[in-house]
Amino acid sequence: MAVFKTFKAFRPVADKAGLIASKPYDVLNSEEAREEAKGNSLTFLHVGKPEIDLDPSIDLHDASVYAKGRENLMKLINDGNLVEDSEPYIYVYAQTMNGRTQYGLVGCASVDDYWNDVIKKHEKTRKDKEEDRCEHVRITNAHTGPIFLTYRDLNSIDEIVSEVIKNTPDNDHVAADGIRHQSWVIKDADLNAKITKILSDVDYFYVADGHHRSAAASIVGRERQQANPNHTGNEEYNFFLAVLFPASQLYIMDYNRLVKDLNGLSKEEFLEKLTEFFSIEVKDSAYKPTKKGEVGMYLDNKWYCLNFHSKLMDTNDPVEKLDVALLQKHILTPYLGIDDPRTSKRIDFVGGIRGLEELEKRVNSGEMQIAFAMYATSIEELMAIADAGQIMPPKSTWFEPKLRDGLFVHFLD
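Set out below in C-alpha cells:
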C-alpha cells in the first residue's frame with residue numbers, strides 16, 4: 000500500500016514566496032531562465048538552473064554547475080529566505096489558473112514504492128536526463144522540486160482539504176504568468192496521521208509529471224540505502240518530495256506535433272495517403288480538435304480537420320487507441336519517416352499552453368512544413384496505461400499549471 004508522510008520542509012518566508020518560487024527546471028532552457036531571473040537574486044532558478052550564474056559557454060553537466068546550485072540553495076537558507084519548519088507536517092498546495100483551482104497534498108512519497116511499482120509510471124526516462132537530476136540531488140543533498148503525483152479521488156481526503164483551506168493560507172501570491180499559488184501548513188499531528196492512514200489504503204499513486212525527477216530521487220535513495228551499514232528505512236533519503244492531486248482536478252492540455260518536411264511527398268500525394276485513415280475536412284480558420292479521434296492539421300496555409308476511421312480505434316489496447324499513437328503508427332512513421340520520435344531531428348513537440356498560433360508561426364516561417372493539433376489525452380487514459388504496465392508515446396501529456404520549485408524543499412538527511 001502507498002506511503003505518504005510528513006516532513007520538515009524548508010519554505011520561503013511569507014513575503015518572499017513570490018520572488019523565490021520559480022517554474023520547474025525542465026520547462027525553460029538556459030537562455031529563457033537567464034532572462035526570467037534578471038533582477039531577481041532570490042528566484043529558485045538559481046538553484047534549479049544554476050548555469051544561469053556561470054559563463055554561458057559552460058557544459059550544463061560540469062561539476063561546477065551542480066556546486067553552484069548547492070551554493071545558491073544554502074545562501075537562500077543562510078540569508079533567512081528559506082526557513083525550516085520546526086516539526087514534520089503535510090501541507091496543502093493550491094494552484095488557480097483561468098478560474099479553476101486544484102488542491103494537492105505536499106508530503107513525501109516512498110522510494111521503495113517507486114521501485115515496487117506502487118507508484119506507477121507511464122513514460123520512459125532518458126539516462127542522460129536521469130543522471131543530470133541524480134547529480135543535482137547528490138550535490139544539493141535535497142529534493143528541490145516536487146514530483147507531481149495523482150491518485151483516484153477519495154472523499155475523505157477532499158473533506159479534510161476543504162476544512163484546511165478555510166484557514167488563512169501561509170503563502171498566497173500570484174506569479175507573473177497570472178497563476179495563483181497558495182499553501183497551508185497542517186500543524187495538527189492527529190490530522191496528519193489521519194491523512195497518512197487514509198492514503199496508506201490507496202493501492203497506487205501515479206506519476207503525472209516528473210518522471211526524471213522521481214527516477215533520480217529513487218536512484219539516489221537506493222544509493223544511500225546501500226551505502227549505509229546502519230540503514231533502517233526511516234531515513235529521509237528513503238522518501239522524496241511530492242505533491243499528490245486527486246485525478247478529477249487535473250487539467251491535461253494537448254501536446255502537438257510539428258514536422259520539418261513531407262518526406263519527399265508532394266502536398267497532393269500526402270493528402271491522398273491520409274484518406275486511407277481519415278476523413279478530411281478543410282477549415283476556414285485554425286482548428287482545435289473537439290473530441291477524441293480528431294486531429295487538426297496545418298499545411299500550406301490551410302487548416303484541416305482529420306477524423307480517424309472508427310475501425311482504427313476499435314481496440315482494447317490502452318496505448319494503441321491513443322490519438323497520438325494512432326497518428327504515429329499510421330502517418331508519422333510510414334509516410335513522414337519519423338521512426339523514433341524520441342530521437343528524430345525532424346519532429347518537434349509544442350505544449351498546448353502555447354496555442355495554435357505557435358504552430359502556424361513555425362510552419363509559416365518555413366522552419367516546419369506541417370503541424371498536427373492533437374486532442375488532449377485524458378487522465379483516465381494515463382492511469383489505464385500505467386495500470387497495464389505500458390508506456391505512453393513520448394510527449395502525450397502536458398499538465399497545467401506546472402508546480403513551482405522553491406515553495407517546499409526536502410533534504411535527504
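Heads up, the sequence shown is in numbering that gives the first Met the number 0, so the first residue is 0 and it goes up one at a time. Cβ coordinates follow ideal geometry from the N, Cα and C atoms, glycine included.
To the nearest angstrom, report how far apart Asn154 and Ala246 are at their CA atoms. So the alpha carbons of these two residues sit roughly 12 Å apart.
Exposed unless 16 or more other CB atoms sit within 10 angstroms - verdict on Thr143: With at least 16 other beta carbons inside 10 angstroms of its own, Thr143 counts as buried.
Per DSSP, what kind of secondary structure is Lys301 in: helix, strand or coil? Reduced to three states, the DSSP call for Lys301 is strand.
CA-CA distance, Lys413 and Leu240? Outside the shown range of the chain (0 to 412) lies residue 413, about which nothing can therefore be said.
So Ala372 and Leu358 are in contact, right, with Cβ under 8 Å, and what is the actual spacing, rounded? The pair is a contact, with the Cβ atoms about 6 Å apart (cut-off 8 Å).
Does the beta-carbon of Gly177 have 16 or more other beta-carbons within 10 angstroms, so that it is buried, or is it exposed? Counting the other CB atoms within 10 Å of its CB gives Gly177 a total below 16, which places it among the exposed residues.
Just to confirm my understanding: we take Val2, look at its own chain, exclude 5 residues before and 5 after, and list those with CB closer than 6 Å. What are they? Beyond the five residues adjoining it in sequence on each side, Val2 comes within less than 6 Å, by CB distance, of Ser109 and Asp112 in the same chain, given in chain order.
Please name the residue in Leu81, Gly350, Tyr203 and Ala324 whose C-alpha comes closest to that of Asp386. Nearest option by C-alpha distance: Tyr203.
Give a yes or no on whether the C-beta atoms belonging to Pro11 and Asp404 are separated by under 8 Å. No; because the gap between Cβ atoms is not below 8 Å, this pair is not in contact.
Give the straight-line distance between the Cα atoms of Glu267 and Ser63, rounded to the nearest whole angstrom. Between the C-alpha atoms of Glu267 and Ser63 there is a straight-line separation of about 53 Å.
Buried or exposed: Trp183, going by 16 or more other Cβ atoms within 10 Å of its Cβ? Of the residues assessed, Trp183 falls on the buried side of the cut-off, its CB having 16 or more other CB atoms within 10 angstroms.
For Gly98 and Pro333, what's the separation of their Cα atoms in angstroms? Distance between the alpha carbons of Gly98 and Pro333: 42 Å.
Simplified DSSP state of Glu293, which is helix, strand or coil: DSSP places Glu293 in strand when its eight states are reduced to three.
Thinking C-beta only, is Phe398 closer than 8 Å to Asp208? In terms of Cβ geometry, Asp208 and Phe398 form a close pair [threshold 8 Å].
Quick check on Arg361: does DSSP put it in helix, strand or coil? DSSP places Arg361 in helix when its eight states are reduced to three.
Could you tell me the alpha carbon to alpha carbon distance between Gln225 and Glu234, rounded to whole angstroms? For the pair Gln225 and Glu234, the Cα-to-Cα distance works out to about 12 Å.
For the structure I just gave you, are there three or more beta carbon pairs, one from the segment 352-370 and one from the segment 251-266, closer than 8 Å? The answer is yes - the segment 251-266 touches the segment 352-370, with three or more Cβ pairs under 8 Å.
Cβ-based neighbour list, Asp253, same chain, cut-off 6 Å, excluding 5 preceding and 5 following: Closer than 6 Å at the Cβ level, and outside the excluded window around Asp253, lie Gly351, Met373 and Ala375.
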